[in-house]
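Numbering (the numbering used here), first residue to last: 4 to 462.
No residue lacks a Cβ here, since even glycine has one placed at the ideal position from N, Cα and C.
Notes follow the structure.
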Amino acid sequence: MPGPENIAGVRWRSKSSFILSTVAFCLFTDLFLYALVVPILPFLLQDRLGLPAEDVQPYTSGLLAAYSGASVLFSIPSGWIADRFSSHKPTFLAGWVFLVAGIALFVIGQSFTILLLARILQGMAAAVVWTVGLAIIQDSVGSGKLGQAIGAIFSVVTTGELIAPALGGLLYDATGMDTVFWLSAATLGIELILLLLVVESKTLVAEQTCRAQDHDAESSQANEQTRLLPAIPDDKYKIEGDVGSIFRALPILYCFRETRLLVALGLTAVQGSILGAFDATIPTEAAALFHFSSFKAGLLFTALILPYIGLGPVAGMAADKYGTKLVATYGYALMTPSLALFSIPSRSFLPGVGNLVLFCVILMFNGVSLGIVSSPSFVDASDLTSKYEAANPGFFGDNGPYAQIFGFNSLCFFLGLTLGPLAGGAIRDAYGYEYMGPAFALMSGISAVLAHAYIGQTL
């Protein structure tokens, strides 16, 4: 009788390439739908709720903060719940339900309370999708190729942030919410089909293992779905004695005694804060310096995001081959002067178009830096966790600790994404953009030092 992997359709549905494509599309959908409504919010509040213009900004900020706050609060529970199941698909589907409910409420909501609930549901969905999605990637490719996979997927996902704001604004201006809704519905429909089709690698491996007693020869053959060999146990990571009820309930907390993990998560927060600061301040600075409309300001992000897209996979491969320490250190070291250069355009040393070109070049340098640092912190946290798992069989449960650690990664990233706009906007308003760049450059320089001192290994 043929095994599950030989049933028609199961083989390609369980291939790493299809699994990674599905996760990439799910992450793309989350970021795309988030960015799609961002330029719509101020106009929606006025058109639908009748808010006066002077009240739009605080209400808009509240809706954005609700998304980020829900993502922060729900990231760790998402990882804990996902690791309780042998398959991550049920949790992933729950995230899809949250997202559908959030989009539906956003479309039909006639009060600020309903819109706020919609953004909270979208934030919860983001926490689930990013936490569980990264865990599925880990299951599919193992630790040895995690950097390459994350770099490639982040490059695809970032295109959603590139095209969605301009597209959302154009559609809303042309047709109102109707076209925005149908575009969202179509994207979510494709996501559901992919989620139902995908067969997780570890699910298939578990089924193959159950049949191994009857098919020893077949089960010994290497295949694409088989995870990489586990890390060799190291006594340094051995957990001795009674760890207490808290660690038994959430075993990943034991790994937090490692400074390396704390720094890796801190770097994730730094990455999110810089991205968030750019999102919040580039449009306003472009309007102040160049008198750009929201559409033209959105086009400026092309200079930032295209290098990010191109370098993501390369930086991920470098992290796998040469170690996370080297890549993260160089990335944040390069980002330090790149951020500091933002002090120049605001002083208008160059006239007219020259200042605009300079601003775009500086954005490009920062895009290169962001592409380099996009994956090392995620990879390093996963690598350390895998060492603890190898040294302590069974301590993290039958399904391992990866959804939990990626839950903390997501928490830190969304926390940075929440605090970055607040800090960047506050510095710009109080002192000007010429001081915001150097302030974040200082944070980047400190990050480079910490990365060199604590994370990973140079292979």
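- Task: Would you tell me roughly how many angstroms separate the C-alpha atoms of Thr116 and Pro354, rounded to the nearest one?
- Result: 47 Å
- Message: Measuring alpha carbon to alpha carbon, tell me which residue in Gln274, Ser276, Phe304 is nearest Glu288.
- Response: Ranking Gln274, Ser276, Phe304 by Cα distance to Glu288 puts Phe304 first.
- Item | Proximity of Val463 and Leu119 at Cβ, strictly below 8 Å | Lying outside 4 to 462, the shown extent of the chain, residue 463 is not represented and no answer is given.
- Considering only C-alpha positions, which residue in the set Ala107, Phe28, Gly244 is nearest to Phe157? Phe28
- Where do the ends of the alpha helix (DSSP H) carrying Leu35 lie? Here residue 35 is Phe; the residue named in the question, Leu, does not match the sequence. Residues 19-40.
- Query: CB Ile375 to CB Gly334, shorter than 8 Å?
  - Reply: yes
- Query: Which residues in the same chain as Ser341 place their Cβ atom closer than 6 Å to its Cβ, once the five residues preceding and following it in sequence are excluded?
  - Reply: By the criterion of a C-beta distance shorter than 6 Å, Ser341 is surrounded in its chain by Phe368, Asn369, Ser372, once the five residues flanking it on both sides are discounted.
- Task: With DSSP collapsed to three states, give me the class of Ser351.
- Result: Of the three classes helix, strand and coil, the one that applies to Ser351 here is coil, per DSSP.
- Would you check if the distance between the CB atom of Val330 and the CB atom of Pro379 is smaller than 8 Å? Against a cut-off of 8 Å, the Cβ pair of Pro379 and Val330 comes out as a contact.
- Task: If I'm right that Thr262 touches Tyr457 with Cβ under 8 Å, what's the distance once you round it to whole angstroms?
- Result: Taking C-beta atoms under 8 Å as the contact rule, Thr262 and Tyr457 qualify, at a distance of about 5 Å.
- Task: Out of Leu36, Leu387, Ile249, point me to the one whose CA is closest to Phe184's CA.
- Result: Leu36
- Closest Cα partner of Ser78 within the set Val132, Phe88, Ala104: Val132
- My guess is that Ala104 and Leu76 are in contact by the Cβ rule of under 8 Å, so how many angstroms apart are they, rounded? Beta-carbon to beta-carbon, Ala104 and Leu76 are separated by about 17 Å, too far to satisfy the 8 Å threshold.
- Query: Can you name the start and end residues of the alpha helix (DSSP H) that Cys415 belongs to?
  - Reply: 405-434
- Item | Distance between beta carbons of Ala138 and Ala406, contact taken as under 8 Å | 4 Å
- Task: Assign Val26 to buried or exposed, taking buried as 16 or more other Cβ atoms, counted over all protein chains shown, within 10 Å of its Cβ.
- Result: buried
- Item | Whether Ala478 touches Leu66 by CB criterion (8 Å) | For residue 478 there is no data in the structure shown, the boundaries of the chain being 4 and 462.
- Query: Looking at Pro42 and Thr63, is the spacing between their C-beta atoms short of 8 Å?
  - Reply: no
- In whole angstroms, what is the alpha-carbon distance linking Ser450 and Thr161? 23 Å
- Item | Contacting residues, own chain, Cβ-Cβ under 6 Å from Leu337 (five flanking each side not counted) | Ser372
- Message: Only counting the same chain, and skipping five residues up and downstream in sequence, which positions put a Cβ closer than 8 Å to that of Gly400?
- Response: Asp86, Arg87, Pro254
- Going along the chain, which residues of its own chain have a beta-carbon closer than 7 Å to the beta-carbon of Val144, five neighbours each way excluded? Ser19, Ala152
- Item | Length of the line joining the Cα atoms of Leu108 and Ala189 | 16 Å
- Query: Rounded to whole angstroms, how far is the Cβ of Tyr240 from the Cβ of Ala384, which I believe are closer than 8 Å?
  - Reply: Not confirmed; about 14 Å, so no contact.
- Query: Whole-angstrom Cβ separation of Gly82 and Gly410, contact assumed at under 8 Å?
  - Reply: 2 Å
- Measuring CA to CA, which of Arg14, Leu47, Ala155, Leu96 is closest to Leu314? Ala155
- Alpha-carbon to alpha-carbon, Met180 and Ile111: 9 Å
- Answer yes or no: do Ala343 and Pro441 have a C-beta to C-beta separation smaller than 8 Å? yes
- Cβ atoms of Ala272 and Cys415: under 8 Å apart, would you say? yes
- Length-filtered (4 minimum) alpha helix (DSSP H) runs lying within the region 310-377: 327-343, 355-375
- Item | His294 burial status per 10 Å Cβ neighbour count (16 or more: buried) | exposed
- Item | Closest by C-alpha distance to Gly448, when choosing among Thr94, Leu270, Leu191 | Nearest neighbour of Gly448 by Cα position, chosen from Thr94, Leu270, Leu191, turns out to be Leu270.
- What did DSSP end up calling Val201 once you bin it into helix, strand or coil? coil
- Task: Report yes if the CB atom of Thr32 is closer than 8 Å to the CB atom of Leu268, and no otherwise.
- Result: no
- Message: Suppose you measure from the CA of Gly136 to the CA of Phe95; what does that come to, to the nearest Å?
- Response: Each residue's Cα considered, the two are about 8 Å apart.
- Query: Would DSSP call Ala220 helix, strand or coil?
  - Reply: Unreliable placement is indicated for Ala220, whose pLDDT of 42 sits below 50; no coordinate value is reported for it.
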